[in-house]
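Under our numbering, the first residue of the sequence shown carries the number 232, and numbering increases by one thereafter. Where a beta carbon is used, it is the ideal one built from N, C-alpha and C, also for glycine. Keep in mind it's a predicted model, so treat the numbers as computed, not measured. Accompanying notes for the structure given below.
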Amino acid sequence: MRRDSEPGCVNTDAAGALLAVESYTAIRRRPFRSSSTSISIATANMPNQRTISELFDLSGRVALITGASGYLGSAMANALAESGATVVCASRDQERANAAARTLPSDRGQKHFGVALDQLDEASIESGFQTVVDRTGAVDVLVNNGQHGPPNDLTDVTTEQFKAQLANAAGYFHLARLVRDQAVARAVAANIVMIGSMYGIVGSYPDAYEGVCSASPVAYHALKGGVIHMTRHLAVYWAKDQVRVNCLSPGAFPNPDKVPAGLVDRLAPKCPMARMGQPHELKGAIVFLASDASSYMTGQNLVVDGGWTAW
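This is the structure we're talking about:
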C-alpha cells in the first residue's frame, strides 16, 4: 500500500492542508497576462452576468433575411424586429420585399426596408447586398431563408431541374461569404443562420404522400442536407473571424393555403406531437440563434420539428 508521503499521494495532515489552501489562494490572486490586458484567474473564471433580456436583445443590429415575404420568412422577420433589430427584407420582387418590411414592428425606432435579391442570381446577390450596406453600413445578422426550385420528385426530375434546386446552396454560400468578408473588413463579429429542414436529416415517408401528391422533391432533400453540412464547414473556418454559422431546421410547417388536400392528415401521425408546426413556433429559435443568447454556439443544427426526427 502506498503511503501519503509517497509521490502522487495527498498529504492529509493539518500543515499540508493549510499549505494547500494558502497556495490555492495565492494562485487565485496571481494575475496572468492576456494578449492585451492582465486579469486575475478568479475574474476570468467568473461567469458573465448578462441578463436574459440583454442576451436576446438585437437592438442596434442589422438583420438581412432572404425570403422574408414567405410563410415562415415573415414570422422570422417579425421575430427579429420584435427583438430590436433593423430588418432588411429580401425578396426576388422589390414590391413584395417592401410590403414585408412595412408589416414589421418598429417599437425601438428601427427603419426596416426591403431589397430585391435573388439568391439564384450572382449579380442580384451582389447588387442587393451592396444596397443593404450602402443604406445601413453593415450586416450583423444574415438569415439565409429564401428557396426556389422545381417541385419534381424522384420519378421525373431532370438533371437541369436538380441543378436548379441545388443552386440555392450556392446562393446561400455566396451571400454568407459577403457577410463574413464585410465583418472581417470592419473587424467586428457577425452571425449567419442557414435555414435547413428535417428533410436534410431524414427521408420522407412514402406512404404519407402516396395517392395524395408527388413525393417531397429529391433535390430538395439533397439541398437541405448540403446546407446543414455547409453550416458545419463554414463554422469551423470562420470561427477565428468571430463569424458564427448555425442552422435552423424546421419540421412540418405546411402553408394552409398551398398544402394539398389530405396531406396534413397523413403527416400528423408521423409526428410525436401529432400536429403541424405554426410559424410563430420558429420565432424563439431564430432569435436565439441570431442573438448573443447563443454566443458559444457555432456549427450546429437546431431542429424544431415536434419530435419528428426523434422516432
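Contact check, residue i vs residue j, beta carbons under 9 Å
i: L295; j: F360; result: yes
i: S480; j: L533; result: yes
i: I426; j: N375; result: yes
i: L373; j: A407; result: yes
i: W539; j: A450; result: no
i: A521; j: A316; result: yes
i: A310; j: G515; result: yes
i: T334; j: S305; result: yes
i: A420; j: D371; result: yes
i: V293; j: A321; result: no
i: Q341; j: V318; result: yes
i: S314; j: L348; result: no
i: R366; j: V443; result: no
i: S445; j: D488; result: no
i: I283; j: A492; result: no
i: E512; j: V495; result: no
i: K501; j: A541; result: no
i: N422; j: V458; result: no
i: D324; j: S300; result: yes
Cut-off 7 Å between Cβ atoms - residues of its own chain near residue i, not counting five sequence neighbours on either side
i: Q350; result: T297, I356, G377, N399, G402, Y403, L406
Other residues of its chain near residue i: CB distance less than 6 Å, five sequence neighbours each side excluded
i: R261; result: At R261, the pLDDT of 33 sits below 50, so the modelled position is not reliable; the number obtained from the coordinates is stated separately. Excluding sequence neighbours, R261 sits near nothing in its chain.
i: S428; result: K455, S480
i: A505; result: A499
i: A466; result: V476, T529, G530
Bridge partners - residue i, DSSP secondary structure assignment
i: T540; result: DSSP, once it has assigned bridges, lists no residue as partnering T540.
i: T297; result: A321
i: M423; result: At residue 423 the sequence reads Ile, which differs from the Met that was named. Answer is L373, V476, bridged to I423.
i: V534; result: S480
Taking the runs of the beta strand (DSSP E) that are 3 residues or longer, which of them lie wholly in the segment 323–356?
-> 344–347
Going along the chain, which unbroken runs of the alpha helix (DSSP H) with 4 or more residues stay wholly within the segment 372–455?
-> 390–417, 437–440, all fully within the segment 372–455.
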